[in-house]
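To keep things clear, I will list the structure first and then write my remarks on it.
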Amino acid sequence: MSETYLSISQVNNYIKNIFEAEVMLQNICVFGEVSSYKISNGIAYFNLQDENGLLPCVLFGANRFDVPNVGDMVLVVGSVSYYAKGGKLSFNATHIAPYGKGLLYEKFLKLKEELESRGYFNLDHKKPLPERVNRIGVVTSATGAVIQDIIDVTHRRNKGVDIVLYPVKVQGIGAEVEIAKGINFFSEYPNVDVVIVARGGGSLEDLQPFNTELVAEATYNCLKPIVSAVGHETDTTIIDFVSDLRAPTPSAAAELVVNKISDDLKLISNCVSKIENYVSGFIYEYFSTTNNCVNSVDLIIRNKILSNSSKLNLSVSKVDSIIKANMVNMEHKYEILSNKLISLNPIVPLQKGYVKVENNNNVVKSSKDILKNQTYNLFFADGKAIVKGE
Numbered sequence: 001m002s003e004t005y006l007s008i009s010q011v012n013n014y015i016k017n018i019f020e021a022e023v024m025l026q027n028i029c030v031f032g033e034v035s036s037y038k039i040s041n042g043i044a045y046f047n048l049q050d051e052n053g054l055l056p057c058v059l060f061g062a063n064r065f066d067v068p069n070v071g072d073m074v075l076v077v078g079s080v081s082y083y084a085k086g087g088k089l090s091f092n093a094t095h096i097a098p099y100g101k102g103l104l105y106e107k108f109l110k111l112k113e114e115l116e117s118r119g120y121f122n123l124d125h126k127k128p129l130p131e132r133v134n135r136i137g138v139v140t141s142a143t144g145a146v147i148q149d150i151i152d153v154t155h156r157r158n159k160g161v162d163i164v165l166y167p168v169k170v171q172g173i174g175a176e177v178e179i180a181k182g183i184n185f186f187s188e189y190p191n192v193d194v195v196i197v198a199r200g201g202g203s204l205e206d207l208q209p210f211n212t213e214l215v216a217e218a219t220y221n222c223l224k225p226i227v228s229a230v231g232h233e234t235d236t237t238i239i240d241f242v243s244d245l246r247a248p249t250p251s252a253a254a255e256l257v258v259n260k261i262s263d264d265l266k267l268i269s270n271c272v273s274k275i276e277n278y279v280s281g282f283i284y285e286y287f288s289t290t291n292n293c294v295n296s297v298d299l300i301i302r303n304k305i306l307s308n309s310s311k312l313n314l315s316v317s318k319v320d321s322i323i324k325a326n327m328v329n330m331e332h333k334y335e336i337l338s339n340k341l342i343s344l345n346p347i348v349p350l351q352k353g354y355v356k357v358e359n360n361n362n363v364v365k366s367s368k369d370i371l372k373n374q375t376y377n378l379f380f381a382d383g384k385a386i387v388k389g390e
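FYI, the numbering for the sequence shown is 1 to 390, going by the numbering used here.
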């Protein structure tokens, strides 16, 4: 082992000298796709990429040039430089000009057109979000702000909603495979109501896993409703077109999916009010019907009583007439019988001066029956006398 030790600065300066001495790396023209672009204090910091590599670039005096869009293909003139103090390689650009659409963007458009022709974007295939969500499946990175934002918004709106995380890589080699596996997992997992596929913003190459056919197929075939929340609001990925609903941000996805607990309480209150109104209406209708029945029965009874009362009065009148007629008839008969009785009273003739003659308790009816020396009783109205016949 060599006993000659080099400092970090010595190594970095050595590398820097190599790059500066290499003529092939000085004042060259490079073409590639703009995957990110940011200007600060007149200096542009951007990345160029192709299918197999990435080159960080710095452009001084960027205000002299038109700002390219992410995904544009550009020509950049400059030199490769190695920043010894920071240990970073960059391409110091002196000029930038449009070259055409980027390869990644062209692949994006081609895949989009192909999937659209297959019907992957059709509205009739999209599933509506459930009215009530109790558990959410989230496919995203286990670290970072995305999952925390979803948790915070979800629990702020409704602490009763659970979150199940399927952790995946959201960029880099193999990310699309993990994302598709996460979607397939929740498709068959019975204990979630909706799936959110999310990641934060990034360059076009960072979002590339969400622009793949593998993820698009998993999304299209998922049995659960899927909400895509990839990148910022201005970012557009293939999964946004295939998913059942696209949210501008991960936080917005949670807002769209989770019902507010206050809304739930309001809904319950409205349901209780509707039940109270229904019961009150039913009771009112029941009592109204009962009162109508009572009134109908009362009216029938009154009419029956009135009718029977009239019949009774008529019957009473008939009976009274019959009784009175019978009374008159009886009085007439009584008078006749009374007169007959009076006429048969033996006292009556005596009161008129007639005398009743008896002999030995036998009534003497003829003067020829009076015999001499017989004793006869003479009955008067006020007494009797005894006489002898001559």
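Glycine residues also receive a C-beta, built at the ideal position from the N, C-alpha and C atoms.
Keep in mind it's a predicted model, so treat the numbers as computed, not measured.
For residue i, tell me which candidate among the options has the shortest Cα-Cα distance.
i	options	result
Tyr-14	Tyr-83, Asn-63, Asn-184 and Glu-178	Tyr-83
Asp-66	Leu-129, Asp-193 and His-95	His-95
Val-77	Leu-89, Leu-59 and Lys-88	Leu-59
Tyr-45	Leu-165, Asn-92 and Lys-340	Asn-92
Pro-167	Gly-137, Asn-158 and Gly-160	Gly-137
Glu-22	Asp-124, Gly-32, Ser-81 and Gly-71	Ser-81
Leu-204	Val-70, Leu-371 and His-155	Val-70
Gly-202	Val-227, Glu-176 and Gly-231	Gly-231
Leu-129	Ser-79, Leu-109, Ile-150 and Asp-244	Asp-244
Lys-88	Lys-16, Phe-379 and Thr-237	Lys-16
Asp-240	Ala-198, His-155 and Lys-169	Ala-198
Phe-185	Asp-206, His-155 and Ile-226	Ile-226
Asn-361	Ser-367, Leu-344, Asn-345 and Phe-379	Phe-379
Ala-253	Leu-306, Glu-331 and Thr-154	Thr-154
Thr-234	Val-242, Ile-283 and Ala-247	Ala-247
Leu-256	Ser-228, Val-242, Asn-313 and Met-24	Ser-228
Phe-98	Glu-176, Ser-7, Leu-371 and Leu-48	In the sequence as presented, Phe is not what sits at residue 98; that position holds Pro. Selected option, being the one with the closest Cα: Leu-48.
Ile-163	Asn-326, Val-170, Ile-196 and Lys-126	Ile-196
Ile-43	Ser-36, Ile-28, Asp-50 and Gly-61	Gly-61
Leu-75	Asn-27, Val-279, Lys-372 and Ile-386	Asn-27
Gln-208	Asn-41, Ile-147 and Gly-172	Gly-172
In the structure shown, what three-state DSSP assignment does residue i receive?
i	result
Arg-156	helix
His-232	coil
Asn-69	coil
Gly-53	strand
Gly-42	coil
Ile-173	coil
Pro-250	helix
Val-146	helix
Tyr-5	coil
Gly-61	coil
Arg-302	helix
Tyr-278	helix
Glu-131	coil
Thr-237	coil
Val-34	strand
Lys-388	strand
Asp-244	coil
Tyr-166	strand
Val-319	helix
Val-471	Because the chain spans 1 through 390 in this model, residue 471 falls outside it and cannot be assessed.
In angstroms with no decimal places, state the Cα-to-Cα distance between residue i and residue j.
i	j	result
Glu-358	Asn-377	5 Å
Ala-218	Ala-180	6 Å
Ile-275	Pro-250	38 Å
Ile-183	Asn-134	18 Å
Leu-104	Glu-33	8 Å
Thr-143	Asn-277	51 Å
Ile-336	Pro-349	19 Å
Thr-212	Lys-107	9 Å
Asn-221	Tyr-5	60 Å
Thr-140	Phe-210	11 Å
Ile-238	Gly-174	17 Å
Leu-165	Val-30	42 Å
Glu-285	Val-297	18 Å
Asp-382	Asn-339	22 Å
Leu-214	Phe-121	15 Å
Lys-324	Leu-344	29 Å
Lys-38	Pro-68	10 Å
Ser-273	Ser-187	38 Å
Lys-169	Lys-110	25 Å
Lys-333	Leu-341	12 Å
Asp-124	Val-242	12 Å
Asp-320	Ser-366	54 Å
Ser-36	Val-146	20 Å
8 Å is my cut-off, CB to CB: does residue i come that close to chain C?
i	result
Gly-32	Of the chains in the structure shown, none is chain C; there is only one protein chain.
(request) Kindly confirm or deny that the stretch 38-56 and the stretch 7-23 touch, where touching means at least three C-beta pairs closer than 8 Å. (result) Judged by Cβ distances under 8 Å, the stretch 38-56 makes no contact with the stretch 7-23, as fewer than three pairs qualify.
(request) Could you name each continuous alpha helix (DSSP H) segment of 4 residues or more that falls completely within the stretch 345-385, going from the start of the chain to the end? (result) Within the stretch 345-385, complete alpha helix (DSSP H) segments of at least 4 residues are found at 347-351, given in chain order.
(message) Please give the ranges of any beta strand (DSSP E) in the stretch 76-129, keeping only runs that are unbroken, at least 3 residues long and fully inside the region.
(response) For the stretch 76-129, whole beta strand (DSSP E) runs of length 3 or above, ordered along the chain, are 88-101.
(message) Between the stretch 288-302 and the stretch 181-193, can you find at least three pairs of beta-carbon atoms closer than 8 Å?
(response) With the rule of 3 Cβ pairs closer than 8 Å, the stretch 181-193 does not count as touching the stretch 288-302.
(message) At 3 residues or longer, what runs of the beta strand (DSSP E) sit wholly inside the stretch 192-233?
(response) With a minimum length of 3 residues, the continuous beta strand (DSSP E) runs that stay inside the stretch 192-233 are 194-199 and 226-230.
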